[in-house]
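Chemist: The structure is given below, and queries will be raised subsequently.
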Amino acid sequence: MKKITFIFFAVMFLLFAGTIFAGGSQDSAENGVVTISMASGTVGHELDVLKEQIAVFESENSDIKVNLVPLPESATERHDLYVTWFVGQSSDVDILMEDIIWPPEFGAAGWLKPLNEYIEKYNMDTTDFFQGILDVNTVGGEVVSIPWFTDAGLMYYRKDLLEKYGYNPPVTYENLKNIAQDIMEKEGIKNGFVWQGASYEGLTCSALEFIWGHGGDFIKDGRVVINSPNTIAALNTMKDFIDSNVSPKGVISYQEEDARHLFQNGDSVFMRNWPYAWKLAQEEDSPVKGKIGAMANPTGPNGESSATLGGWNLGISNYSENSEAAFRFIMFLTGKEQQKYKSMNTGQNPTLKTLYSDPEILKVNPFYESLYDVFVGAKGRPGHVKYAELSNVFYTNVNSFLVGNINSEECVETIETECKTILSN
Amino acid sequence: MKKKEKTKGQNRLSEGKLAIILISPALIIILAIAIFPLLQTVSYSMQYFDLRFPLKQEFIGFQNYGRMLHNRVFWDATWNTVFFTVVSVSLEFAAGLLIALLLHRKFIGRGIVRASVLVPWAIPTVISARMWQWMYHDQFGIINYVFIKFGIIKEGIVWLQNPETSMISIIITDVWKTTPFMALMLLAGLQLINKNMYESANIDGANSIQKFFHITIPILKPTIMVALIFRTLDAFRIFDLVKVMSYGRPPTLAYINYENLIQFLKFGYGSAISIFIFIFIFIFAFIYMKSLGKKFER
């Protein structure tokens, strides 16, 4: 009996050990065909369109196969996933979709492959890209990511209701509040104005638009300038929307999709959101199809209409084993033809200037023309390698203020002190 | 006869040596998997190690700890964690004990009830976090819907973000999830109690309360201690609910630990927080073990 037991276990062990080694590396080069992996978002129609684009690319480039790795919805979670891959020096994913605030951080850590040599080798024309965006993607003189699509915060509104009650789209927040209150009462709509107030990066984007709109700022030229009367006034405006019930109390927990659900359902008069929401709200099954408009953000006193620059860019992991093939795919995706296709099917903004006057694109996204200045003038968040930490201090304290834990002076003072400490370390 | 015994004694290993040889594979694995990373974390915690500045890595002694102990967010998180641990473990214990006492009796359908009580424990935490998040939603959530329908409140409460209600919401979800575990552990302990004790108490004229406090609880004490140790150590490290359900509100120690390591890439500072959590838990476990030992000695 003992002998049989021993042989049984020995065999099991060998089989087990065998499977470990048999797994091997899913090697990418077989018969000269290279497989590259791309990590991509899946919001709205992103994934479907990307699959279609991959099919076209593979038919034109028989030596490359593209594998998709879907990402979580939240930008913060994507960032954390990337960090896990980078620290593990994983070669599993070649192309990464990066939020506009990550290239300085990832670049400094040495995690992105410098692309200048490929740009030269393949003669890639970078002049049509928005220069501001390209600058953010350049670290130490080397381009580390290629702009794929851009984003800017917009104010959506119920065009049909504003017209019904004879209102022009508001230019000031005060005006917006009055219009919202009036229409809320007369139409029995539950919410006047929904935006993103949860304690996350999206709040930084939303809040900065209020703050810039009141003439204030957060960090300028590397210095913390948040403690100013204009910023405090902006914060008070934000809080006032909640206190006067124009914005629901729940806005302190809303991210982009929460706001969009309410607006698209017809339960809000105004919404601050990114351009992606337009296409979804205009689909067949949307209760507000054909009833919405999009405009530049209103302002407070002393400020000018501002939009936060968002957008996603494609970079290559420095641990990738197929960086050249990856670059060829990136060049394909960020070229004129594919950016046009993407823009017409997902509503996401191209990063090439000339596409904004293309008549076919304008038919699908009419506000590209009227809001061109908004996109060109969108302001970037502080492009600092420690941005994640600084933004965290900003949005946790602003959220605390909106919830009612601290007042606006305490809020800016805390942010000022803590950010100064972070920057000086 | 004597000669044979002597030879036998020389050929057989002493029990002690045999024990060491048999345990050593497990010990080596534990050393590799647990002790080595622990020592590495201690080492990181004494360095300036920031992935955003990979070239600046250097030894800085206890500076990370100093910074940590002066940090407001750290103390907020510590307080939140302690509060959460005390309240949730107490509630889970009380509820678990009640359920265990109920399940200890024979009634029709007891098997089904016993199995269904385990369902919350069986659902992966991430899924129940998302489920509860939706239930807590201020406009679409069922909890607000029911409360408003019954006229308890006029408009939806923002359960997860409101400072007054966010801690309670997390505690409720955690209690829902872990009470079954407590109940099962206590039930196992209850079933070890000798029924004869209750019979003799009945003869002596004891009522239910006296039987409960003088028989049930004392005999159950070891089981209670083990269950409490498990739950306290787990509760102190609460992370998944805070991250998935309420996006870091209110912040707990494990959450800010994660934030500093993965979001800010501050591996040195983050390691200091990890070691703090480790020391805290270690002391807790030590105290519990000591008092458990005392109980057995009695």
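Sequence order for the protein chains is A and B.
If you use the working numbering, the first sequence closes out at 582, no skipped numbers anywhere.
If you use the working numbering, the second sequence closes out at 509, no skipped numbers anywhere.
Yeah, the Cβ is synthetic: ideal placement off N, Cα and C, and Gly gets one too.
From a predicted model like this one, the values you see are computed outputs, not experimental measurements.
If we cut at 8 Å on Cβ distances, does ASP397/A have a partner in chain B?
Modeler: Chain B contact via Cβ: absent.
Chemist: Could you tell me the boundaries of the alpha helix (DSSP H) in which ALA333/B lies?
Modeler: Run containing ALA333/B: 330-333, per the alpha helix (DSSP H) assignment.
Chemist: Would you kindly check if the distance between the Cβ of GLN495/A and the Cβ of PHE486/A is under 8 Å?
Modeler: Their beta carbons are not under 8 Å apart, which means PHE486/A does not touch GLN495/A by this criterion.
Chemist: Measuring only the C-alpha atoms, how far is ILE420/B from ILE426/B?
Modeler: C-alpha separation (whole angstroms): 10 Å.
Chemist: Please return the same chain residues whose Cβ sits closer than 6 Å to the Cβ of ILE383/A, not counting the five positions on each side in sequence.
Modeler: Answer for ILE383/A: PHE375, VAL569, ILE572, GLU573, listed in chain order.
Chemist: Going by other Cβ atoms of all chains shown within 10 Å of its Cβ, with 16 needed for buried, is GLN505/A buried or exposed?
Modeler: Buried is the call here.
Chemist: For my contact list, PHE524/A and ALA309/A are in at a C-beta cut-off of 8 Å; report their separation, rounded to the angstrom.
Modeler: Going by Cβ atoms, the distance from PHE524/A to ALA309/A rounds to 11 Å, so no, they are not a contact pair.
Chemist: Between LEU419/A and chain B, is the shortest Cβ-Cβ distance under 8 Å, so that the two count as touching?
Modeler: Yes, contact with chain B.
Chemist: Within 10 Å of its beta-carbon, does LYS377/A have 16 or more other beta-carbons around it, so buried, or fewer, so exposed?
Modeler: By the 10 Å Cβ count, LYS377/A comes out exposed.
Chemist: Quick check: ASN475/A and LEU269/A, are their CB atoms within less than 8 Å of each other?
Modeler: Against a cut-off of 8 Å, the Cβ pair of LEU269/A and ASN475/A comes out as a contact.
Chemist: Using alpha carbons as the reference points, say which of PRO227/A, ILE211/A, GLY189/A lies closest to THR199/A.
Modeler: Of the listed residues, the one whose Cα sits closest to THR199/A is PRO227/A.
Chemist: So, for GLU299/A: in the same chain, excluding its five sequence neighbours on each side, which residues have a beta-carbon less than 6 Å away from its beta-carbon?
Modeler: If we look at GLU299/A and ignore the five residues flanking it on each side, its Cβ neighbours are PRO271, ASN273.
Chemist: List the whole-angstrom C-beta distance separating LEU471/A from MET254/A, where the pair is believed to meet the contact cut-off of C-beta under 8 Å.
Modeler: Between MET254/A and LEU471/A the Cβ distance is about 6 Å, and since that is below 8 Å, they are a contact.
Chemist: So is LYS577/A in contact with chain B if we call contact Cβ pairs under 8 Å?
Modeler: No, LYS577/A does not count as interfacial toward chain B.
Chemist: Are three or more beta carbon pairs between the region 452-465 of chain B and the region 429-441 of chain B nearer than 8 Å?
Modeler: No: the two stretches stay apart, fewer than three of their Cβ pairs being nearer than 8 Å.
Chemist: Which one of PHE163/A, LEU419/A, ILE409/A has the shortest CA to CA distance from ILE346/A?
Modeler: The shortest C-alpha separation from ILE346/A is found at LEU419/A.
Chemist: Could you list which residues in chain B have their beta carbon closer than 8 Å to that of ASN562/A, in chain order?
Modeler: Chain B residues near ASN562/A: PRO374.
Chemist: Whole-angstrom Cβ separation of MET195/A and ASP251/A, contact assumed at under 8 Å?
Modeler: MET195/A to ASP251/A, Cβ: 7 Å. Contact.
Chemist: Within the 8 Å Cβ cut-off, does LEU229/B reach chain A?
Modeler: Closer than 8 Å: no.
Chemist: Have a look at LEU312/B and ILE492/B and give me their C-alpha separation to the nearest angstrom.
Modeler: Rounded to the nearest angstrom, the two C-alpha atoms are 30 Å apart.
Chemist: Which residues in chain A sit within 7 Å of TYR458/B, going by Cβ to Cβ distance?
Modeler: Ordered by position in chain A, the residues that pass the 7 Å Cβ test against TYR458/B are ALA355, SER356, TYR357.
Chemist: Under the three-state reduction of DSSP, which class applies to ASP349/B: helix, strand or coil?
Modeler: ASP349/B: coil per DSSP, three-state reduction.
Chemist: Per the contact definition of three or more C-beta pairs closer than 8 Å, is the region 391-406 of chain B in contact with the region 269-276 of chain B?
Modeler: Short answer: they don't touch.
Chemist: Indicate whether the contact test is met: 3 or more Cβ pairs, each with one atom in the region 356-375 of chain A and one in the region 447-462 of chain A, closer than 8 Å.
Modeler: Output reads yes: the region 447-462 of chain A touches the region 356-375 of chain A.
Chemist: Is the beta carbon of ASP535/A less than 8 Å from the beta carbon of ALA464/A?
Modeler: Checking the sequence, you will find Ala at residue 535/A rather than Asp. Yes, these two residues count as a Cβ contact at 8 Å.
Chemist: Identify every residue that forms a DSSP beta bridge with ARG315/A.
Modeler: In the DSSP output, where bridge partners are listed per residue, ARG315/A has ILE449/A.
Chemist: For ASP261/B, which beta-bridge partners are listed by DSSP?
Modeler: Beta-bridge pairing links ASP261/B to LYS477/B.
Chemist: ARG341/B versus chain A: which residues are under 8 Å apart at the beta carbon?
Modeler: Near ARG341/B there are no residues of chain A at all, since even the closest Cβ is about 12 Å away, more than 8 Å.
Chemist: Name, going along the chain, the residues of the region 357-373 of chain B whose beta-carbon falls closer than 9 Å to a beta-carbon of chain A.
Modeler: Taking 9 Å as the Cβ-Cβ cut-off against chain A, the residues of the region 357-373 of chain B that qualify are GLU366, GLY367, ILE368, VAL369, TRP370, LEU371, GLN372, ASN373.
Chemist: Step through the CB atoms of chain A and report whether any lies within less than 8 Å of the CB of LYS473/B.
Modeler: The sequence shown places Ile at residue 473/B, rather than the Lys named in the question. Chain A contact via Cβ: present.
Chemist: Is the region 444-453 of chain A close to the region 314-332 of chain A, with three or more CB pairs under 8 Å?
Modeler: These segments touch.
Chemist: Does the CB of GLN350/B have a neighbour CB from chain A at under 8 Å?
Modeler: Taking Cβ atoms only, chain A reaches closer than 8 Å to GLN350/B, which makes this a yes.
Chemist: Can you confirm whether the region 405-413 of chain A touches the region 320-334 of chain A when touching is taken to mean that 3 or more C-beta pairs between the two stretches lie within less than 8 Å?
Modeler: Not touching, per the Cβ criterion.
Chemist: At a CB-CB cut-off below 8 Å, which residues of chain B make contact with THR233/A?
Modeler: Correct list: GLN474.
Chemist: Output yes if chain A places a C-beta closer than 8 Å to the C-beta of PRO265/B; else output no.
Modeler: Yes, PRO265/B lies at the interface with chain A (some Cβ there is under 8 Å from its Cβ).
Chemist: Could you tell me which residues DSSP pairs with THR456/A in its beta bridges?
Modeler: BP columns for THR456/A point to THR329/A.
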